[in-house]
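Asker:
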Amino acid sequence: MATATKDGLESDIVKFISQCRKKEHPESYLIAVLHKVQEKYGYLSQDHMNEVAQRLQVPTSTVSGVATFYHFFRLRPRGKYAISVCLGTACFVKGADKVLNAFQTELGIEMGETTADGLFSLENTRCLGVCALAPVVTINDTVYSKVTANQVPELIRQVKSGKNVEG
Amino acid sequence: MKDNAMKNIELTIDNTTVSVPEGTTIMEAAETIGIKIPRLCYHPDLSLEGACRVCIVEVQGSRNYLPSCATRVQDGMKVRTNSPEIRQARRDLIELILDNHPRECQTCERDGNCELQDLAYSLGVRERLFEGKRKAHEIERSSASVIRDAEKCILCRRCVRVCSEIQGIHNLSQLYRGFDTVVAPAYEGPMAESVCINCGQCINVCPVASFLEKSSTEPVWAALADPNKHVMVQIAPSIRAAIAEGFNAPPGTPATGQTVTALRRLGFDVVFDTNFGADLTIVEEAHEFMERLKTGKNLPLLTSCSPGWIKFLEHFYPEFIPNASSCKSPMQMLSTLMKTFYAEKTGISVRDIYVVGIMPCVAKKFEIERPEHLMPDGTPYTDAVLTTRELIWMIKAYGIDFMNLPEGEFDNPLGYSTGAADIFGTTGGVMEAALRTAAEKLTGQPLAHLDFKEVRAVSGLKEASLEIAGQKINVAVANGLNNAKTILEKVKAGKKQYHLIELMACPGGCIGGGGQPYPPEGHYVLDPEVIRLRANALYTIDERKTIRKSHENPFIQTLYEEYLEKPGSHKAHEILHTSYSPREPKGIK
Numbered sequence: 001m002a003t004a005t006k007d008g009l010e011s012d013i014v015k016f017i018s019q020c021r022k023k024e025h026p027e028s029y030l031i032a033v034l035h036k037v038q039e040k041y042g043y044l045s046q047d048h049m050n051e052v053a054q055r056l057q058v059p060t061s062t063v064s065g066v067a068t069f070y071h072f073f074r075l076r077p078r079g080k081y082a083i084s085v086c087l088g089t090a091c092f093v094k095g096a097d098k099v100l101n102a103f104q105t106e107l108g109i110e111m112g113e114t115t116a117d118g119l120f121s122l123e124n125t126r127c128l129g130v131c132a133l134a135p136v137v138t139i140n141d142t143v144y145s146k147v148t149a150n151q152v153p154e155l156i157r158q159v160k161s162g163k164n165v166e167g
Numbered sequence: 168m169k170d171n172a173m174k175n176i177e178l179t180i181d182n183t184t185v186s187v188p189e190g191t192t193i194m195e196a197a198e199t200i201g202i203k204i205p206r207l208c209y210h211p212d213l214s215l216e217g218a219c220r221v222c223i224v225e226v227q228g229s230r231n232y233l234p235s236c237a238t239r240v241q242d243g244m245k246v247r248t249n250s251p252e253i254r255q256a257r258r259d260l261i262e263l264i265l266d267n268h269p270r271e272c273q274t275c276e277r278d279g280n281c282e283l284q285d286l287a288y289s290l291g292v293r294e295r296l297f298e299g300k301r302k303a304h305e306i307e308r309s310s311a312s313v314i315r316d317a318e319k320c321i322l323c324r325r326c327v328r329v330c331s332e333i334q335g336i337h338n339l340s341q342l343y344r345g346f347d348t349v350v351a352p353a354y355e356g357p358m359a360e361s362v363c364i365n366c367g368q369c370i371n372v373c374p375v376a377s378f379l380e381k382s383s384t385e386p387v388w389a390a391l392a393d394p395n396k397h398v399m400v401q402i403a404p405s406i407r408a409a410i411a412e413g414f415n416a417p418p419g420t421p422a423t424g425q426t427v428t429a430l431r432r433l434g435f436d437v438v439f440d441t442n443f444g445a446d447l448t449i450v451e452e453a454h455e456f457m458e459r460l461k462t463g464k465n466l467p468l469l470t471s472c473s474p475g476w477i478k479f480l481e482h483f484y485p486e487f488i489p490n491a492s493s494c495k496s497p498m499q500m501l502s503t504l505m506k507t508f509y510a511e512k513t514g515i516s517v518r519d520i521y522v523v524g525i526m527p528c529v530a531k532k533f534e535i536e537r538p539e540h541l542m543p544d545g546t547p548y549t550d551a552v553l554t555t556r557e558l559i560w561m562i563k564a565y566g567i568d569f570m571n572l573p574e575g576e577f578d579n580p581l582g583y584s585t586g587a588a589d590i591f592g593t594t595g596g597v598m599e600a601a602l603r604t605a606a607e608k609l610t611g612q613p614l615a616h617l618d619f620k621e622v623r624a625v626s627g628l629k630e631a632s633l634e635i636a637g638q639k640i641n642v643a644v645a646n647g648l649n650n651a652k653t654i655l656e657k658v659k660a661g662k663k664q665y666h667l668i669e670l671m672a673c674p675g676g677c678i679g680g681g682g683q684p685y686p687p688e689g690h691y692v693l694d695p696e697v698i699r700l701r702a703n704a705l706y707t708i709d710e711r712k713t714i715r716k717s718h719e720n721p722f723i724q725t726l727y728e729e730y731l732e733k734p735g736s737h738k739a740h741e742i743l744h745t746s747y748s749p750r751e752p753k754g755i756k
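Just so you know, the sequences run in chain order A and B. Numbering-wise (our numbering), the first sequence opens with residue 1 and increments by one. Numbering-wise (our numbering), the second sequence opens with residue 168 and increments by one.
(1) Note down, in chain order, all residues in the stretch 336–366 of chain B with a beta-carbon under 7 Å from any beta-carbon belonging to chain A.
(2) Curious, which full-length beta strand (DSSP E) runs of at least 3 residues does the stretch 313–376 of chain B contain?
(3) Would you call B/Pro394 buried or exposed, if buried means 16 or more other Cβ atoms sit within 10 Å of its Cβ?
(4) Does the beta carbon of A/Ala116 come closer than 9 Å to any beta carbon on chain B?
(5) What would DSSP say about B/Asp440, mapped onto helix, strand or coil?
(6) Considering only the alpha carbon of each residue, which of B/Ala389, B/Lys712, B/Gln724 lies closest to B/Ala587?
(7) Would you mind giving the Cβ-Cβ distance between B/Ile333 and B/Gly679, rounded to the nearest angstrom? I have them listed as a contact below 8 Å.
(8) Near A/Asp12, which residues of its chain fall below 6 Å by C-beta distance, leaving aside the five closest residues on each side in sequence?
(9) For A/Gln57, return the contacting residues in chain B, with the cut-off set at a CB-CB distance below 8 Å.
(10) Check whether the Cβ of B/Ser382 lies closer than 9 Å to any Cβ atom in chain A.
(11) So which residues of chain A does B/Ala752 contact, with C-beta pairs closer than 8 Å?
(12) Verify the CB distance criterion: does B/Ser312 have a CB-CB separation below 9 Å to chain A?
(13) Are the C-beta of B/Ser331 and some C-beta of chain A separated by less than 9 Å?
(14) Can you pull the chain B residues whose beta carbon is under 7 Å from the beta carbon of A/Gly65, in chain order?
(15) Okay, do the stretch 491–507 of chain B and the stretch 438–448 of chain B touch, 3+ Cβ pairs below 8 Å being the bar?
(16) Measure how close the beta-carbons of A/Ala168 and A/Ala134 come, nearest whole angstrom, since I'm counting them as under 8 Å.
(17) Quick one: using the 10 Å Cβ neighbour count with 16 as the cut-off for buried, is B/Met168 buried or exposed?
(18) Under 9 Å, do B/Cys114 and B/Leu469 count as touching if we go by C-beta distance?
(19) In the DSSP assignment, find the unbroken alpha helix (DSSP H) run with B/Ala429 in it and report its ends.
(20) Determine, for A/Phe69, whether the minimum Cβ-Cβ distance to residues of chain B falls below 9 Å.
(21) Please list the terminal residues of the continuous alpha helix (DSSP H) segment that includes B/Gly524.
(22) Within a Cβ cutoff of 7 Å, which residues of the same chain sit near B/Lys756, ignoring the five residues on either side of it in sequence?
(23) Give me whichever residues DSSP pairs with A/Ser121 in a beta bridge.
(24) Can you check whether the CB of B/Ala606 is closer than 9 Å to the CB of B/Lys629?
(25) Label A/Val147 either buried or exposed according to how many other C-beta atoms from any shown protein chain fall within 10 Å of its C-beta, with 16 as the threshold for buried.
(26) Closer than 8 Å, Cβ to any Cβ of chain B: which residues of the stretch 141–165 of chain A, in chain order?
(27) Assign A/Leu155 to one of two classes, buried (16 or more other C-beta atoms within 10 Å of its C-beta) or exposed (fewer than that).
(28) Pull up the DSSP beta-bridge partners for B/Ser632, would you.
(29) Give me, in chain order, the residues of the same chain whose beta-carbon lies closer than 6 Å to that of A/Ala2; leave out the 5 immediate sequence neighbours on both sides.
(30) Closest Cβ-Cβ distance between A/Gln38 and chain B: below 9 Å?
(31) Sorted by chain position, which residues of the same chain lie with C-beta nearer than 7 Å to A/Lys98's C-beta, five sequence neighbours on each side aside?
(32) Residues of chain B with CB closer than 7 Å to the CB of A/Ala53, please, in chain order.
(33) Measure from the alpha carbon of B/Cys472 to the alpha carbon of each residue in B/Thr513, B/Tyr565, B/Cys366, then state which is nearest.
(34) Where does B/Glu262 sit, in a helix, a strand or coil, going by DSSP?
(35) From the DSSP output, which residues share a beta bridge with A/Tyr144?
Below, the structure is given as structure tokens:
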């Protein structure tokens, strides 16, 4: 049990779950466990959710019910670079929709999807609180301000070549 | 209600003073003065949901209407169940549900039997003002037994609750949120690949048509119309105790003879009785039980008639598979005999025989497709299973005046049965039938009294210790799979040594099966009163029979002499026994 089972959850999460099992109402730790899984793997795969269900002894239907209820949980793998286009009011009136369109066209994916090469995913964001910089795009933890649709192809090229953004 | 000194609460409902025990809900209190507040998501035997708000009432001093199902009475409370405003609010709620519900009433299987339709009528919805956004979901037909139609779902969660609280399966839950909310197995996966045990209780409790059994009426009509087919039918013990409800008879009206006649009118060539299979099961199982008692191996013996329970065993408790009886279910024993013994005896080609089982059960539809229940050529021993509901529909579709039919008799040799077989349909019945035979075989003497009242009553869990031939035999009877969990966990903990445990998936046993008629007027689904009345009908039939012990069935005795040699023989094992294996996905205990 010390190391990960084949493709299974890694030992620190397994250990965390077994600690939860010893507490009262272990099922109440489900969200905490899912947080850890997503933190480690970037998303919640069915295999991992199944393993959480078995180890925590919470029905799989409950696990998937919780995972689909909260927007925080991602059910598909996230790309190496997670692109968020802010669609808050200020960004929107400054043309964020056009920026989003440009990303969609350039990457060939829709909101919530990931490119086939696993590099980019497009995510939805509401106001980041930096409206003076609108429209705002974040790629992983880097913030880009006053982005225009025209800049999008170049931005993607830069990111691909490893500039500016930590992978 | 847990306090020993239970206090009474006095309140007024619609200006009538009511005194009820502390902890009573407004809904329950209103019923004591004859007011049935309209309701939808509420079910008395399931946890409170408070999702639909249809049961709202006005409580003086409260700013909002309160759901009467979830509000406990308080001293001095002044409740109004009716006013033009409350009626309007209830009507609005129903209209809002209807706004995104398919307008398919005339073609819907629950037409005339739908709680939403009833409420729309009784609350006075006479026009539709808005066309709301409609959910779009494909009908999910992967399961052999249960169809899931999320488009009709009104999110009352009764199915979710019955699946977890009564059955302990937890197969269904709500996924996603808001308008996108859908009730489905984990990951919205197919029912066929889920831990669903096909009990069909979701169908029973669904107020609309979001869950339905997979219908087999079309292939059966086709077989009946085919002049080259020799169509044979068998009816399960519990059908005779419930079918009359479909024709407005009160629950508990036995209708064995009418059912036989109706089947002949429908055109079945031969009408056999699953009861014969039940008698045979008892003889085989009692033999198996005595062998295990002798060796002390694989005790307790777990019964195996209920296909819902068996699938549960495979998903949730595979470690108990060696304990399960290897006996096929009565239906499968009989179907196998029809396509072996009967076919050989009559010279009718197996290929021309079409076997139909009339069952209270939707899991039986799955059972007949299990690979171990196929003939060597890959075709099933039982060609189709119809639920009680489907048969009722066929009888009505044909135009048969069921209640006024003369009483018919089953065909022989596979239609004769003892009283022990009749009670198979109720919880505790298999146990009692087995004890009648086992006790007599163990003592070697005729039984003084046949009624094992210790294992009767329709409660979910019963235990008894019996003295048989100087040996103490501990037995348990569980129905509803949460109760099965309780008893199996007790066995695992080793606190008590059980010898024989009867397990049935459905509350009350087969009489409460997922394919039984929807509850008649004045009763609710899973109503213990209906279950009790159906059980009484079976016990009455048993009492009136002259032969009440399975091993005394003369046709069974002949069958062994002519064909099966003796209980537990090689031949018997070959055609009457089966095996089980662990099944994925693993259930959560």
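By construction, the Cβ of each residue, glycine as well, lies at the ideal position given by its N, Cα and C atoms.
Answerer: By the coordinates alone:
(1) Residues passing the 7 Å Cβ filter: His337, Asn338, Leu339, Ser340, Gln341, Leu342, Tyr343, Arg344, Pro352, Ala353, Tyr354.
(2) Runs found: 313–315, 340–342, 349–351.
(3) Mapped onto the second sequence, residue 394 of chain B falls at position 227. Looking at its Cβ environment, which holds fewer than 16 other Cβ atoms inside 10 Å, B/Pro394 is exposed.
(4) Here residue 116 of chain A refers to the residue found at position 116 when the first sequence is read from its first residue. Taking Cβ atoms only, chain B never reaches closer than 9 Å to A/Ala116, which makes this a no.
(5) Against the second sequence, residue 440 of chain B aligns to sequence position 273. Correct three-state label for B/Asp440: strand.
(6) Against the second sequence, residue 587 of chain B aligns to sequence position 420. The residue from B/Ala389, B/Lys712, B/Gln724 with its alpha-carbon nearest to that of B/Ala587 is B/Lys712.
(7) As a working note, residue 333 of chain B is residue 166 in the second sequence. As a working note, residue 679 of chain B is residue 512 in the second sequence. Incorrect: roughly 10 Å between the Cβ atoms, too far for contact.
(8) For the purposes of this step, residue 12 of chain A is taken as residue 12 along the first sequence, with counting starting at 1. Cβ within range, chain order: n/a, list empty.
(9) As a working note, residue 57 of chain A is residue 57 in the first sequence. Result: Ile755, Lys756.
(10) Your numbering for residue 382 of chain B matches position 215 in the second sequence. Output row for B/Ser382: interface = no.
(11) Numbered from 1 along the second sequence, position 585 holds the residue referred to as residue 752 of chain B. Just to set this straight, residue 752 of chain B is Pro in the shown sequence, not Ala. Within 8 Å Cβ-Cβ: Asn50, Thr60.
(12) For the purposes of this step, residue 312 of chain B is taken as residue 145 along the second sequence, with counting starting at 1. B/Ser312 does not count as touching chain A.
(13) For the purposes of this step, residue 331 of chain B is identified with residue 164 of the second sequence, where counting begins at 1. Closer than 9 Å to some Cβ of chain A, the Cβ of B/Ser331 qualifies, so yes.
(14) To locate residue 65 of chain A, count along the first sequence from 1; it is residue 65. Those are Ser340, Gln341, Leu342, listed as they occur along chain B.
(15) Taking a contact to require three or more Cβ pairs closer than 8 Å, the stretch 491–507 of chain B and the stretch 438–448 of chain B qualify as touching.
(16) Residue 168 of chain A cannot be examined here, being either before or after the span of chain A that is shown, 1 to 167.
(17) Position 1 of the second sequence, counted from the start, is the residue given in the question as residue 168 of chain B. Annotation note: pLDDT 48 at B/Met168 (below 50); position unreliable, no value reported.
(18) This structure cannot settle anything about residue 114 of chain B, because the visible part of chain B is limited to 168 through 756.
(19) Indexing the second sequence from 1 puts residue 429 of chain B at position 262. That run of the alpha helix (DSSP H) goes 423–433.
(20) For this step, residue 69 of chain A is matched to residue 69 along the first sequence. It does; some Cβ of chain B falls within 9 Å.
(21) Position 357 of the second sequence, counted from the start, is the residue given in the question as residue 524 of chain B. Note, B/Gly524: premise wrong, no alpha helix (DSSP H); beta strand (DSSP E) at 520–526.
(22) Taking the second sequence and counting its residues from 1, one reaches residue 756 of chain B at position 589. Its chain contains Phe483, Lys652 as the residues whose beta carbon lies nearer than 7 Å to that of B/Lys756, once the 5 sequence neighbours on both sides are disregarded; these appear in chain order.
(23) Residue 121 of chain A sits at position 121 when you count from the first residue of the first sequence. A/Ser121 is bridged to A/Ala82, A/Thr114.
(24) The residue labelled residue 629 of chain B in the question sits at position 462 within the second sequence. The residue labelled residue 606 of chain B in the question sits at position 439 within the second sequence. Cβ distance not < 9 Å, so B/Lys629 and B/Ala606 don't count as in contact.
(25) Start at 1 with the first residue of the first sequence, and residue 147 of chain A comes out as number 147. Counting Cβ neighbours within 10 Å, A/Val147 comes out buried, since at least 16 surround it.
(26) Result list empty, no residue passes.
(27) What you label residue 155 of chain A is simply residue 155 of the first sequence in a count that begins at 1. A/Leu155 is classed as buried because its beta carbon has at least 16 other beta carbons within 10 Å across all chains shown.
(28) By one-based count along the second sequence, residue 632 of chain B stands at place 465. Per the DSSP secondary-structure output, B/Ser632 pairs in a beta bridge with B/Asn641.
(29) Start at 1 with the first residue of the first sequence, and residue 2 of chain A comes out as number 2. With a pLDDT of only 37 at A/Ala2, under 50, the local geometry of the prediction cannot be trusted, and no value is derived from it.
(30) The residue labelled residue 38 of chain A in the question sits at position 38 within the first sequence. Closer than 9 Å: no.
(31) Counted from its first residue, the first sequence places residue 98 of chain A at position 98. If we look at A/Lys98 and ignore the five residues flanking it on each side, its Cβ neighbours are Ala149.
(32) Here residue 53 of chain A refers to the residue found at position 53 when the first sequence is read from its first residue. Listed along chain B are Ile755, each with a C-beta nearer than 7 Å to that of A/Ala53.
(33) On the second sequence, residue 472 of chain B is found 305 positions in, with the first residue counted as 1. The shortest C-alpha to C-alpha distance from B/Cys472 to any of B/Thr513, B/Tyr565, B/Cys366 is the one to B/Cys366.
(34) Against the second sequence, residue 262 of chain B aligns to sequence position 95. When secondary structure is reduced to three states using DSSP, B/Glu262 falls in the helix class.
(35) Mapped onto the first sequence, residue 144 of chain A falls at position 144. DSSP output for A/Tyr144 lists A/Val137 as bridge partner(s).
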